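Using the numbering used here, read the sequence shown as starting at -5 and increasing by one per residue. One structure is given here, and the rest of the page talks about it.
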Amino acid sequence: MQDSIITEWTDENAGVVYRVSEKLEDFPTDVHHVEVYDTPAFGRVLRVNGHILTAENDEWIYHENLVHPAALSHPEPKRALVLGGGTGGSARQLLKYDSIERVLIGELDGFLVDTVRQHFEKIHQGAFDDARLEIKLGDANEWINNIEEQFDLIVLDLVGYAEKAEGFYSRAFFERCRALLTDNGVLALSLGSPQRHSGAFVDRHTALQEVFTTVVPYLVPLSLHGGLWGMAIARRNDASGNLTADEVDSRLRSRAVGQLEYYNGAVHAGQQALPNFVAALLAPPTRSH
């Protein structure tokens, strides 16, 4: 092929380069431009609008850490809403819980879902065929205002949609999410890079704090996206303490989640220990006297 590398720009000044073995797909849809590559380092890679959305060899770092801290913090999650979950990775993690009765995926692009079904079985692992899962196509910023049901978990699975996703991180959207959550409901989302996009990282965290009772930020190493990545869980009403490492491991066992590639109790505790520079970013501004 003519191009032997692809570049994932983390900002206007830096990026990560990936060698390509083969380009499998390259086509426009009504709303996206979709590319599929095979790469030596990350296996099969999905790129949308010039940004890498997921890669089969390490998607579990992202999806496990996005889903399980929220799911385990809820006493018994039954209904989950996933926005932007067209890869099926978040749904697959949610469906590991026997208590889950319904997962609703809100995805803008049906052609993207079809591409994932065809090329990324290693990621979705049949989640799209689970009877508990429903996919609703369309702009979630519009139809979410007409949803009447409530959810125990809401997952914003939007990494890679940077140029289209800002509307999902506003205070108004967070307020709508809070209204859709049950009393013990939890929102899980990405905050972005505290190094490359510190402004957006702080703004998203601040907006969450203005809406939710408890916000717990944590950091995940995402090599696919060039380094540390912020995530958070936000609880509607629960102001209790965070789960300990032992409590996480106990709940993983009691809920029969099964073997995970990355996430466990010790990892959970470590990720919530924020480096000094991140703690400083999120510290309330000092008032002058």
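For glycine and all other residues, C-beta sits at the position ideal for the given N, C-alpha and C. Fair warning: this is a prediction, and the values are worked out from it, not measured in the lab.
- For Ser84, there is no enclosing beta strand (DSSP E); the residue is found in the alpha helix (DSSP H) stretching over 83 to 88.
- Close CB contacts of Arg165 within its chain, under the 7 Å cut and outside five residues either way in sequence, are with Ala201, Glu204, Val205 (chain order).
- Taking the CA atoms as reference points, Ser93 sits about 21 Å from Cys171.
- Membership of Gly193 in the alpha helix (DSSP H) is indicated by the continuous run 192 to 205.
- In this structure, Val14 sits away from Glu2, with a CB-CB distance that is not shorter than 8 Å.
- Its Cα nearest to that of Glu53, the residue Asp151 stands out among Ser67, Asn178, Ser(-2), Asp151.
- If you ignore the 5 residues before and after Val251, its C-beta comes within less than 7 Å of the C-beta of Lys90, Tyr91, all in its own chain and listed in chain order.
- At least 8 Å separates the beta-carbon of Leu75 from that of Phe167.
- Our two residues, Leu174 and Glu142, have alpha carbons roughly 8 Å apart in a direct line.
- Using a 10 angstroms sphere on the CB of Pro71, the tally of other CB atoms reaches 16 or more, which defines it as buried.
- Counting C-beta atoms within 10 angstroms of its own C-beta, Thr238 has fewer than 16 neighbours from the protein chains shown and is therefore classed as exposed.
- Judged by their CB atoms, Lys116 and Glu50 are nearer to each other than the 8 Å cut-off.
- Taking all protein chains in view, the Cβ of Ser(-2) is surrounded by fewer than 16 other Cβ atoms within 10 Å, so the residue is classified as exposed.
- The beta carbon of Asn178 is closer than 8 Å to those of His68, Pro69, Asp146, Arg229, Arg230, Asn231, Asp232 in its chain, skipping five residues each way along the sequence.
- Between Ser187 and Gly161, the gap from beta carbon to beta carbon reaches 8 Å or more.
- Look at Asp123 here: in three-state DSSP terms it is helix.
- Contact annotation: Leu102 and Gly79 have beta-carbon atoms that are not nearer than 8 Å.
- Residue range 175 to 186 is occupied by the beta strand (DSSP E) that includes Ala182.
- With a cut-off of 8 Å on Cβ pairs, the segment 121 to 129 is not in contact with the segment 57 to 67, counting fewer than three such pairs.
- Cβ neighbours of Asp240 within its own chain (closer than 7 Å, five residues either side excluded): Gly259.
- If you draw a straight line from the Cα of Leu213 to the Cα of Pro269, it comes to about 9 Å.
- Judged by their CB atoms, Tyr257 and Asn7 are not nearer to each other than the 8 Å cut-off.
- Under the DSSP definition of a beta bridge, Asp20 partners with Glu29.
- According to the DSSP assignment, Pro215 belongs to the beta strand (DSSP E) that extends over 208 to 216.
- In the three-state DSSP reduction, Val97 falls in the strand class (E or B).
- Around the C-beta of Glu95, fewer than 16 other C-beta atoms lie within 10 Å, and the residue is accordingly described as exposed.
- Between the alpha carbons of Phe105 and Pro278 lies a distance of about 43 Å.
- Between the alpha carbons of Arg198 and Gly83 lies a gap of roughly 23 Å.
- Shown here, Leu102 sits in coil according to DSSP, grouped into three states, outside any helix or strand.
- Here Thr109 carries a helix assignment [DSSP, helix/strand/coil].
- Secondary structure note for Ile46: it is in no alpha helix (DSSP H), and the uninterrupted beta strand (DSSP E) holding it is 45 to 49.
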